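Protein sequence lines correspond, in order, to chains H and E. Position one of the first sequence corresponds to residue 861 (the numbering used here), numbered consecutively onward. Position one of the second sequence corresponds to residue -4 (the numbering used here), numbered consecutively onward.
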Amino acid sequence: MTMLEIRNLRTEFETQRGTVTAVNGVDLHIDNGEIVGLVGESGSGKSVLAQSVMRLVEDPGEVTADELLFKGEPLLEKSEAEMTAIRGNEISMVFQDPMNSLNPTITVGEQIAETVRLHQDVGESVSLSAEMKRKIIGASKASESWRRAIEMLESVQIPHPESRATDYPHEFSGGMRQRAMIAIALSCEPDLLIADEPTTALDVTIQAQILEELHDILEVFDTSILLITHDLAVVAETCDRVNVMYAGEMVERATARDLFENPQHPYTQALLASTPQVETAVDELKPIPGTVPEPIDIPYACHFAPRCPEAKEECFEVDPAFRRVGSEGHEAACIRREPVDGEVIENE
Amino acid sequence: MKKYIAKRVLNALFVVWLVATVVFFGLRAIPGGPVRTMLGAEATEEAVNRMRAELGLDQPLYVQYAEWMLDLITLDLGQSLTSGEQISVMMASAVPRTLSIALIGVVVGLGIALPTGIISATRKGQRSDYVATVAAFLGLSMPAFFIGILLALVFGVWWGVLPIVGYAPLQEDGIVEWFRRILLPGISVGVPYAAVVMRMTRSSLLEVLDAEYMKTAKAKGVGRTTRLYKHAMQNALIPVVTVAGIQIALVLVGSVTVELVFGIQGIGRLLVDAILDRNYPVTQSVILLVAAIMVFMNLTVDIIYTFLDPRIRYGDEAS
C-alpha cells in the first residue's frame, strides 16, 4: 500500500529578486514499511521538499501539487488544525542539527511527554493553562505521558532513562540529543518518519548507531522512513529505494542496489565519482565542476546541463522526461539516455 | 546558590565602596565649595574660615574620608551642610517618592513593552508591527521630562483629571490619592523604559521564533499559542531581563528631571539641589543609594537568569 504519493509538487518563495522555485515539479512515492532515500547536494531542495510534505514551510513559501496524498488523503486540503493533529502523530520529523532542534529550556522528558499528551489519549489536558502550569511547576512524574517518555528514552538506548528524563538538552551529548529527537519523533508511533540529514552533524561512530536505530525502528513500529541525506554511504547502507534530486528536480530513481551498480543520470554518475569508496580505491576523486544554480528562473531545460559533461545543445532546450534506464523502476530524467523500453514517461 | 549569592553580596559591597570613594574625592575636585556657596562671594576670609572649621572642612582630606567611612559603617549618613538636618531623615522622606515613581514607571513600562513586543514580533511586517515600532521610536526619542510636561498639559491643564504638582504619602493620604499623584510622573519615566524593553522583546522573540527548536515544536503538532508561550517565551525573555534590569537606571535618571516637573521632593530633587549647593554629605549619600540600587538590580537579574535559563547554574549547586 502507498504511504505517501507526491505528484508534481512545487514549492515557491516570492522574494524581492524573483520567484525562488525550491522544489520544481517533483514526484515521490513511498510504500508501507519502506525506507526511501532522498539524495542531493546542499541547496537541491531536499529539506524544503520534506517540510512541504508536513506543511511546515513558512510564509512566503507556497506549496502546490497535483497530488500530495498521505495514506490516500490529500494533505494540501487539510486545515491547519487537522495538520496539527497529524504532525508528530502520523508523520513526524527528525531534524539535522540536534544541537539546536531541542528546546534548551524544557527538560528532555517533558519534550517527549508533551508529544504523547498531544496525540494520545492519556487523559492529560493540553490546554495552554495546563501546559504553562507544567512548565512553571514542572510536569508530574507520575503521569502516563512521563512514563511513556521514559520508555521512549529507553528504547533509543539512553542509559538511566528515569534520571536523564529530567535533564535539559545541554546536559546531553550530540548523539544522545539526536536519540532524544528520534524518541520524540517516534513517541506516537508515526506511520511516516521524515529524517532530514539525521546523522550529518554527528561523529561517524555515532552515525552508525543512529542508522542502526532507524533500522530497528522500522521493524518495531512498522514505520515508513523518508531519509534525506547528501551522504551516499548512508543511503547504500539504509535505503530500499533512492531518489536523486538536483536543483529542485528529481533526476533519477532506482532501488539502492541499481543506483550504485548502474547509475544512469550524468549527475548521479558524477555524484558517485566524487564520493570516496572503500572497496574500489581510486587515486583521485572527481569533483563536479561548478555549483548548484540558484533556483531563481533557471533558463535552461535540464538544470544540470551547464555542469554536465555530456550536455548538447538540445539539453538546454528540451525538458528531460523520465525514462526507464535499467531494471523495473529504474528511471532517469535525461534525454541523452535511450529508454530501454522505447517509451518516455510523461510526468506532467 | 547560597555561596554564590554571598559572594555576589560581598562583591556588591566592594562596588558600593568604590563608588563612594570616587564620589567623595570627585566631588571635592569640583571647583567651589559649600561654604562659599552658602555665604556668597562677598563673605570675609575670616567668616569663611570659621564656617569651614565648624563644618569640619578644614581637616585634611584623608581625615574627612576616614570619618565619613566610619560613619557609614555605623550607618550614620551625617547631616546636611546647609540645613543641619539628619540626612537619614531627608532620605526617609525622599526615597519613597522616587521609588513610587520608579515602581509605577517599571510596572507601566513592562505592561506596555511585553505585550507590544510580542504583538510586534508575531505580526512582523504587518500594520500593528509598524505602529508599535513608530511608537517605540517616539518613546525613545522623547526625554522623560518632556513626556511629563506633555502629560501634565493634557491630563492636568486641559482635562483637569489628575493633579500635576506634589506628592501624597501612601500612609497618610491613602492609596488612591498616592496613585493619582504619582501616575503621571510614573508614566513619564515608564515610556522611554517601555520603548527600550519593547524593542528588545521584539528582536529577541523574533530570533527565538526562527530557531530550529520552534520548527521541532511545530513538527510535533504543538499549537500556535502553546508554541509561543510554552516554547518561545522563556527563551526570548533571557535577554529581555538583562535589558529590563539595567534600564532601571534609565527610570531613575528620568525620575530626577520628572520630579522637578511635578514638584515632587524625591531623591532626584535632593541630588540636584545638593550638587548645586556643594552639599557634600547629601550628594554622597544619594549617589551611594542609587549605586546600591543598581548593584542590587544587577544581582536580581542574575538570579532571575537561573530560573529562566537551565544552562546557567551558579557555583556550588551539585548536580
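All residues carry an ideal CB built from backbone N, CA and C; glycine is no exception. Computed from a prediction, not measured in an experiment: that's the story for all the values here.
In this structure residue 1108 of chain H is buried. Its beta-carbon is surrounded by 16 or more other beta-carbon atoms within 10 angstroms. Annotation for residue 186 of chain E: 134, 142 place their beta carbon closer than 6 angstroms to its own, counting only its chain and skipping 5 residues before and after. Near chain H, meaning a CB-to-CB distance below 8 angstroms, the residues of the segment 222 to 252 of chain E are 224, 225, 226, 229, 230. For a Cβ distance threshold of 8 angstroms, residue set 305, 306 of chain E lies close to residue 1028 of chain H, ordered along the chain. The C-alpha of residue 1050 of chain H is placed about 4 angstroms away from the C-alpha of residue 950 of chain H. Chain E places no beta carbon closer than 9 angstroms to that of residue 982 of chain H, leaving this residue out of the contacts. Within the segment 971 to 1001 of chain H, the runs of alpha helix (DSSP H) at least 4 residues long that lie entirely inside it are, in chain order, 988 to 997.
Secondary structure remark: continuous alpha helix (DSSP H) runs of at least 4 residues inside the segment 52 to 102 of chain E, in chain order: 56 to 68. Using a Cβ-Cβ cut-off of 9 angstroms, residue 207 of chain E counts as an interface residue toward chain H, since at least one Cβ of chain H sits closer than that to its own. For residue 249 of chain E, there is no enclosing beta strand (DSSP E); the enclosing alpha helix (DSSP H) has its first and last residue at 243 to 256. Interface residue (Cβ-Cβ distance to chain H less than 9 angstroms): residue 196 of chain E is not classified as such.
Contacts with chain E at 9 angstroms (Cβ-Cβ) include residue 988 of chain H.
A direct Cα-to-Cα measurement between residue 897 of chain H and residue 997 of chain H gives close to 43 angstroms. Residue 942 of chain H sits exposed, since fewer than 16 C-beta atoms from the chains shown fall within 10 Å of its C-beta. A direct Cα-Cα distance of roughly 10 angstroms separates residue 148 of chain E from residue 157 of chain E. The beta-bridge partner set that DSSP reports for residue 871 of chain H consists of H/883, H/923. Every beta strand (DSSP E) of 3 residues or more that sits fully in the segment 1060 to 1126 of chain H is shown, in chain order, as 1084 to 1089, 1101 to 1106, 1109 to 1115. For residue 189 of chain E, the nearest beta carbon of chain H is not closer than 9 angstroms to its own beta carbon. For residue 1012 of chain H and residue 1040 of chain H, the gap between their C-alpha atoms comes out near 8 angstroms.
Nearest in C-alpha terms to residue 993 of chain H, of all of E/225, E/214, E/204, is E/225. For residue 965 of chain H, the C-beta contacts it makes with chain E under 8 angstroms involve 229, 230, 303, 304, 305, in order along the chain. The alpha carbon of residue 1160 of chain H has as its nearest neighbour, out of H/867, H/1180, H/873, H/1149, the alpha carbon of H/1180. Secondary structure in the segment 1152 to 1201 of chain H: the beta strand (DSSP E) runs of 3 residues or longer, each lying completely within the stretch, are 1182 to 1184, 1191 to 1193 in chain order. Where residue 899 of chain H is concerned, the enclosing beta strand (DSSP E) starts and stops at 895 to 899. CA-CA distance, residue 82 of chain E to residue 247 of chain E, rounds to 20 angstroms. Judged by their CB atoms, residue 221 of chain E and residue 991 of chain H are nearer to each other than the 9 angstroms cut-off.
Shown here for residue 1177 of chain H: same chain residues with a beta carbon closer than 7 angstroms to its own, the five before and five after excluded, namely 1161 in chain order. Annotation for residue 1196 of chain H: 1170 place their beta carbon closer than 6 angstroms to its own, counting only its chain and skipping 5 residues before and after.
Within the model, the alpha-carbon separation for residue 44 of chain E versus residue 285 of chain E is close to 33 angstroms. Taking residue 932 of chain H as reference, the option from H/1148, H/1094, H/867, H/999 with the minimal CA-CA separation is H/867.
With a cutoff of 9 angstroms on beta-carbon distance, residue 1015 of chain H and residue 1046 of chain H are scored as near each other. When the alpha-carbon of residue 76 of chain E is set against those of E/96, E/32, E/5, the nearest one is in E/32. Residue 1004 of chain H has its alpha-carbon roughly 31 angstroms from the corresponding atom of residue 1067 of chain H.
Fewer than three beta-carbon pairs drawn from the segment 290 to 300 of chain E and the segment 82 to 92 of chain E are found closer than 8 angstroms, and the two stretches are therefore not classed as touching.
Partner residues in the beta bridge of residue 1056 of chain H, as assigned by DSSP, are H/1088. Among the residues of the segment 103 to 120 of chain E, none has a Cβ less than 7 angstroms away from any Cβ of chain H.
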